[in-house]
Amino acid sequence: MIRSLFIINKDREILIEKHWKSITPKSVLDSIYEGQSKLANPMKIPPVIESSNNIILINVQKNGVFFVAACAGEAPPLLIVEFLNQVIFIFEDYFGPLSESVILENIVYAFEILDEMLDNGFPLATESNILKELIKPPKFLRSITEAVTGRPAGGVVSTLPVGQLTNTRWRRAGVRYANNEAFFDVVERINAIIDRSGNVLLAEAEGSIDCVVHLSGMPDLTLSFNNSRPLEDVGLHPCVRYLRWEKQRILSFVPPDGKFRLFTYLIHNLSSISLPIALRHNIIIKGANSRIELSVSPKSTAGKPLEKVVVNVIMPPEVSSVNVTTSLGKSTFDATTKTLVWDVGLLETRSYPSLKGTITLQSGCTQASAAPLVTVQFEFPKTLVSGLRVARLDLHAENYKPYKGVKYLTTSGKFEVRV
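Now the structure itself:
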C-alpha cells in the first residue's frame with residue numbers, strides 16, 4: 001500500500017525517507033513543490049496529489065513538517081491520511097511537540113518506530129503502548145518510565161508484546177498502578193464563516209475526546225453523554241464496541257494504557273447556537289483615506305472570559321504598511337506576508353477592546369485588488385458550545401475505585417470573518 005514515506009520541512013529539505021517495497025525517487029516530490037509554488041499559503045496543499053510514474057502522494061502537515069506517503073496503484077486515501085496522523089501522534093507521544101529539530105534529534109528512534117508501524121508497506125503496530133513495549137522511549141522519557149513503572153527500560157526488544165497476540169491488542173498485559181486514574185479531555189474546534197453583516201454562513205464543530213488512562217488489570221469502561229443525538233460522522237478507536245455505540249449511543253471499551261484518542265465527531269449545524277465571540281470591523285482600502293477599525297467582544301459566554309484571543313488580518317498585496325494602536329493587547333505587522341496580528345490575550349466579559357489605525361498603499365496604487373482576510377483564534381475553557389457533556393463513566397471487571405476527571409474546551413478552528 002505505502003511504497004515510501006518522506007518527511008520534509010517547509011524549505012523542501014528531506015528530513016527522513018523510508019522505503020519498503022522499492023526505492024521511490026525523490027523527484028516524485030516535485031509535484032508537491034509545484035503545488036506549493038502555486039498557492040499563496042504553501043501549507044495548504046491538497047492532501048492527495050498525482051505524481052509521475054503512476055505514484056500518488058498523500059500528505060498531512062503539522063507545525064511546518066510534511067509527512068508524505070508515496071503509493072503505487074490504488075490505495076484508500078482516508079486510511080493513509082489516518083495512518084499519517086497516527087504517526088504524528090506517536091512521534092509527539094515519544095518526543096513531545098512536533099518540530100523539525102525534534103525529529104532530527106530523535107532520528108534513530110523515528111526510523112525504529114516506522115519499522116514497527118509498517119510491515120511491507122501495510123500498517124501493523126499503531127498503538128502507542130504496544131510500540132513502547134517494542135521500542136523504549138528516549139533517555140529522558142525512559143528515566144520517567146522507570147520511576148513510574150519500577151521496571152528497567154532498554155532499547156528495542158526482540159519479543160512480540162503479549163497484548164499484540166490477544167483480542168485487546170491495543171492494551172499491554174500485566175498493567176499495575178498504585179494510583180488508578182482516568183482523565184478525559186473533550187475539545188470542540190469551531191469552524192465558522194461570518195459574512196460582512198455578522199450573519200453566520202457556516203458553523204460546525206469538530207469534536208474529539210483524548211484520554212490519559214492509567215488503570216490496573218483489564219478494566220472495562222462505559223462512557224455516556226447527556227445528549228449524543230447531534231453527533232455525526234463519528235470516529236471510534238478500535239477498542240470501542242461498535243454495535244453498543246450504534247444501538248445505545250454509549251462508548252463501551254477496554255482502554256489502551258496511557259494516552260490515546262478515544263472518539264471524534266462532527267456537529268454540522270451550529271447556526272442556531274450563538275458563537276462565543278463577535279468581531280466588529282470597518283476596513284476601507286482606498287487611496288489616502290485607507291483605514292482600519294476592529295473591535296472584539298465575548299458573546300454568550302455566561303460570564304466566563306475567553307483566552308488566547310488573536311485576530312489576524314491578511315492584507316492585499318498593494319498594502320505597504322499599517323500603523324495602528326490598540327486599547328488592549330499588542331499588534332504587529334509583517335510587511336513580507338502582509339499580515340496584521342492583534343494579540344488580545346485574555347478577553348473578559350463586558351470588555352470591548354479595539355484596534356484603530358491607518359493603512360498605507362504602495363506608491364501609485366489607489367485601491368486593493370482583493371478584500372482583506374480576517375481570521376480569529378480563541379479558547380473558551382470549561383465549556384462546549386454544542387452543550388455536550390459526559391453524563392457518567394463506569395468501571396467494570398475490576399474492584400477498585402479510580403480517580404476520574406473530565407475537562408472541556410472550545411477552541412477556534414477555521415474561524416473566518418468576511419469584510
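In the UniProt record's numbering, the protein residues as written are 1 to 419. Ideal Cβ placement from N, Cα and C applies to all residues, glycine included.
Per-residue burial, residue i [other beta carbons within 10 Å of its own, 16 or more giving buried]
i, result
"residue 265", "buried"
"residue 154", "Annotation note: pLDDT 47 at residue 154 (below 50); position unreliable, no value reported."
"residue 453", "Because the chain in this structure spans residues 1 to 419, residue 453 falls outside the shown range and cannot be described."
"residue 11", "exposed"
"residue 59", "buried"
"residue 321", "exposed"
"residue 247", "exposed"
"residue 219", "buried"
"residue 388", "buried"
"residue 353", "buried"
"residue 298", "buried"
Collapsed DSSP secondary structure at residue i in the structure displayed
i, result
"residue 170", "coil"
"residue 35", "helix"
"residue 342", "strand"
"residue 403", "strand"
"residue 152", "Note on residue 152: pLDDT 49, under 50, position unreliable in the model; the coordinate value appears next. Residue 152 falls in the coil class under three-state DSSP."
"residue 101", "helix"
"residue 377", "strand"
"residue 213", "strand"
"residue 247", "helix"
"residue 287", "helix"
"residue 25", "coil"
"residue 110", "helix"
"residue 2", "coil"
"residue 45", "coil"
"residue 78", "helix"
Own chain, CB closer than 6 Å to residue i, minus 5 neighbours either side, in chain order
i, result
"residue 63", "98, 99"
"residue 309", "344, 347, 378"
Contact set for residue i: own chain, Cβ-Cβ below 7 Å, skip 5 residues either direction
i, result
"residue 376", "277, 279, 311, 412, 415, 417"
"residue 371", "419"
"residue 123", "83, 117"
Member of the options whose CA lies at the smallest distance from the CA of residue i
i, options, result
"residue 88", "66, 20, 393, 192", "66"
"residue 233", "224, 223, 245, 226", "245"
"residue 46", "13, 37, 108", "37"
"residue 91", "349, 260, 382", "260"
"residue 281", "123, 196, 186", "196"
"residue 256", "344, 181, 273", "181"
"residue 507", "32, 80, 93, 31", "Outside the modelled stretch of the chain, which goes from 1 to 419, sits residue 507, for which no answer is possible."
"residue 54", "34, 71, 61", "71"
Close beta carbons around residue i, own chain, < 8 Å, minus the five adjacent residues each side
i, result
"residue 382", "304, 407, 408, 409"
"residue 300", "274, 275, 276"
CB contact below 9 Å: residue i versus chain D
i, result
"residue 62", "Structure shown: chain D not included; a single protein chain is present."
When you compare the stretch 17-35 with the stretch 2-9, are there three or more beta-carbon pairs, one atom per stretch, that lie closer than 8 Å?
Touching, per the Cβ criterion.
Take every Cβ of the stretch 208-220, pair it with every Cβ of the stretch 393-407, and state whether three or more of those distances are shorter than 8 Å.
Verdict: yes, contact present.
Three or more C-beta pairs under 8 Å: does that hold for the stretch 15-24 against the stretch 103-117?
With contact defined as three or more Cβ pairs closer than 8 Å, the stretch 15-24 and the stretch 103-117 are in contact.
Pairs of beta-carbons, one from the stretch 332-340 and one from the stretch 313-320, closer than 8 Å: are there three or more?
Touching, per the Cβ criterion.
Segment contact flag, the stretch 187-201 with the stretch 355-366, C-beta cutoff 8 Å, min 3 pairs:
Between the stretch 187-201 and the stretch 355-366, the count of C-beta pairs closer than 8 Å stays below three; the two stretches do not touch.
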